């Protein structure tokens, strides 16, 4: 789960209800499990031997579905990032039972108490995962990174790799990482800033019980190791997108910038949190001033995430340059095939193009279908995530009925005013009338129902009629 962590399983009953409501699968059909077991015995034969290179992985300590491993070497003034990605396509054939089930799921769905994987564990957490317990088949993207952070694909190779270490975000030390890691990630970050990219990496929200027996939401900012590791995926995905687009094929991740209405609403939210945002400063510039270690800044980062128009997938079209506003670049998803269906096909296309081969017909056919399939899968995952956030917010406020809170109106709708609480990362609605965006309010919590995941607030400082 990218938004909420519940390490003590305080929300168990509510999470069970969410799983039931959204039909989150808790297992795989027997024929899929049997097919996965057969696939797991498939011996790689089309792979070069790269086991002599020093690959490592960097992930959450508890992760077992490891999509990526990396090695770095110098090439004059450039660096070569060898980014090994799990070769899921080696184990999953077109239209076999595992493939059919993956098309039904689209993505791995995350909840605080576990996940519904895209592929059965024997693959996703076994032979296809780049764990350090043995050689694994991978597709290695060799990306050249120039001093100015510009990236391009030098080669894409099917290879057997051996991870030397499973490094964890919360314990990794610089000396554990390959030589050049800090320089590579700094180059990528500098290029990102020059492009005017506006990626938002909000902190995770963690649920914990207070001394009084209530719930509280705490923020855990992303660790520097997480941010730096994400730069490797970003660089590879950009380079893959450029390669595919230049060859007239591919599937791209696209996203429009927040529209004027969303930005105006965010300005009201910033006012609710007493954040100083100069009227002349663009949103992407203001984002770079935020400190995720500050609770108010962190809450605002979550508000930015919620305000976006959302990303989608778009197949290659003649004369169209697909654009991802947050990345300020043409962008593709290729680096998480164990968690996203689309990545498996992007990898296959890139492997073919880089080696002078035609893109398989099955891949081109998939590109036509995937925008709709991935859109539905992402929407379902987003609904689950939103439900989990609602559950955490209502659990946090349960028992506080009758208390008063400061809020600011962020926008108006048919059902009343949308408000942002000033001291908590909570967005809700109130039937208040005669208000305008930006207006401060005092509201009373009338009801907090964790079962229905609903909050009810009423205005208590309304002017006399």
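Residue numbers (our numbering): 22 to 486.
Think of the CB as a built atom: it goes at the ideal place given N, C-alpha and C, for glycine as much as any other residue.
As the structure is a computational prediction, the values presented were derived from the model and not from experiment.
Practice item. For residue 425, count neighbouring Cβ atoms within 10 angstroms of its own Cβ and tell me buried if that reaches 16, exposed if not. Key: exposed
Point to revise | Check whether residue 177 and residue 375 have beta carbons under 8 Å apart | key: yes
Review point. For residue 393, which three-state DSSP category applies?
Key: Residue 393 falls in the helix class under three-state DSSP.
Practice item. Using alpha carbons as the reference points, say which of 260, 184, 368, 144 lies closest to residue 101. Key: 260
Review point. In whole angstroms, what is the alpha-carbon distance linking residue 138 and residue 480?
Key: 44 Å
**Study point:** Helix, strand or coil at residue 8 according to DSSP, with G and I counted as helix
**Key:** In the structure as shown, the chain starts at 22 and stops at 486, and residue 8 therefore has no counterpart that could be examined.
Practice item. Take residue 45 and list the residues in its own chain whose beta-carbon comes closer than 8 Å to its own, dropping the five residues that flank it on each side. Key: 39, 130, 132, 137, 405
Practice item. Spell out the partners DSSP gives residue 173 in its beta bridges. Key: 165.
Check your understanding: By Cβ distance below 6 Å, which residues in the same chain neighbour residue 22 in space, the five residues on each side in sequence not counted?
Key -> Unreliable positioning characterises residue 22 in this predicted model, as indicated by a pLDDT of 43, which lies under 50. A coordinate reading is not provided.
Check your understanding: To the nearest whole angstrom, what separates the beta carbons of residue 440 and residue 451, a pair I think is in contact under 8 Å?
Key -> Contact holds; Cβ gap of about 6 Å.
Point to revise | Close-in-space but distant-in-sequence residues of the same chain around residue 120 (CB under 7 Å, 5 per side omitted) | key: 113, 114
Review point. From 293, 361, 212, 266, pick the residue whose C-alpha is nearest to that of residue 447; which is it?
Key: 293
Exercise for review: Measure the CB-CB distance between residue 124 and residue 362 and report whether it falls below 8 Å.
Suggested key: yes
Exercise for review: Mind checking which residues open and close the alpha helix (DSSP H) that includes residue 121?
Suggested key: 118–126
Review point. Does the distance from the C-beta atom of residue 145 to that of residue 71 stay below 8 Å?
Key: no
Check your understanding: Does DSSP put residue 22 in a helix, a strand or coil?
Key -> Summary for residue 22: the model assigns pLDDT 43, below 50, so the residue's position carries little reliability; its value from the coordinates is reported in the next sentence. Residue 22: coil per DSSP, three-state reduction.
Check your understanding: Does the beta-carbon distance from residue 60 to residue 172 come in below 8 Å?
Key -> no
Review point. Counting along the chain, where does the alpha helix (DSSP H) carrying residue 372 start and finish?
Key: 362–375
**Study point:** Neighbour-count burial assignment, residue 378, 16 or more Cβ in a 10 Å radius
**Key:** Counting the other Cβ atoms within 10 Å of the Cβ of residue 378 gives fewer than 16, which makes it exposed.
Review point. Does the segment 336–355 come close enough to the segment 262–278 that 3 or more CB-CB pairs lie under 8 Å?
Key: yes
Point to revise | Test item: CB-CB of residue 359 and residue 140 under 8 Å | key: yes
Practice item. Determine the DSSP secondary structure at residue 480, reduced to helix, strand or coil. Key: strand
Review point. Touching or not, the segment 182–194 and the segment 66–84, by the rule of three or more beta carbon pairs under 8 Å?
Key: yes
Review point. Taking just the CA atoms, how far does residue 422 sit from residue 468?
Key: 6 Å
Point to revise | Separation of residue 218 from residue 263, as counted between CA atoms | key: 17 Å
Point to revise | Straight-line Cα distance separating residue 385 from residue 126 | key: 20 Å
Practice item. Check residue 91 in the structure and name its three-state DSSP category. Key: Three-state result, residue 91: strand.
Check your understanding: So, are the CB atoms of residue 427 and residue 411 less than 8 Å apart?
Key -> no
Review point. Whole beta strand (DSSP E) runs in the segment 248–309 with 3 or more residues, listed along the chain?
Key: 272–276
Check your understanding: Whole-angstrom Cβ separation of residue 328 and residue 240, contact assumed at under 8 Å?
Key -> Not a contact, Cβ separation roughly 18 Å.
Review point. Does any CB atom of chain B fall closer than 8 Å to the CB of residue 196?
Key: In the structure shown, chain B does not exist; there is a single protein chain.
Point to revise | Spatial distance of residue 235 from residue 418 (CA atoms) | key: 8 Å
Review point. Name the DSSP beta bridge partners of residue 462, please?
Key: 428
**Study point:** For residue 197 and residue 153, the rounded distance between their alpha carbons
**Key:** Cα to Cα, residue 153 sits roughly 15 Å from residue 197.
Point to revise | Beta carbon of residue 365 nearer than 8 Å to that of residue 109 | key: yes
Check your understanding: Is residue 321 closer than 8 Å to residue 290 when the C-beta atoms are compared?
Key -> Yes, the Cβ-Cβ distance between residue 290 and residue 321 is below 8 Å.
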